[in-house]
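Taking this note's numbering, the leading residue of the sequence shown gets 1496, the next gets one more, and so forth.
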Amino acid sequence: MWDATRYAAKLPKNPPKPGTKALDDREAKLKQQYKLLDEATALAPCIVIDMQGIILVWYLPGILSDSRWVGLLLVRS
C-alpha cells in the first residue's frame, strides 16, 4: 500500500538537475520503495486512495460535457 505523505517526505526539497546521476539514483531508489502497478486500468468511475485515506486520483469519465471540457481548457488565470 502507498503512503503519499511518506512518499512526499522522501522527495528532495531541491531536486538535482534533470539527466544527472544523482537524479537517476534517487528515482531508482524511490521506484524500489514505491512499486508501480503494472497494467492497472480503471474501467468505471472510481477514487484511488492511499493507506491513510488521502485521495490520489479521481477517475470520473463523462462527468463534463464536451462544451464544459473545452471551456475549462481555455480559461486562463
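Just so it is clear, CB atoms sit at the ideal spot from N, CA and C, and this is done for glycine as well.
- Remark: C-beta atoms of Ala1499 and Leu1551 approach each other more closely than 8 Å.
- A distance of 8 Å or more separates the beta carbons of Arg1521 and Pro1513.
- Between Trp1497 and Tyr1529, the CB-CB gap stays under 8 Å.
- Distances from the alpha-carbon of Leu1538 to those of Lys1508, Lys1516, Arg1501, Leu1555 put Leu1555 closest.
- For the set Leu1525, Ala1517, Thr1515, Thr1536, the Cα lying nearest the Cα of Lys1505 is the one of Leu1525.
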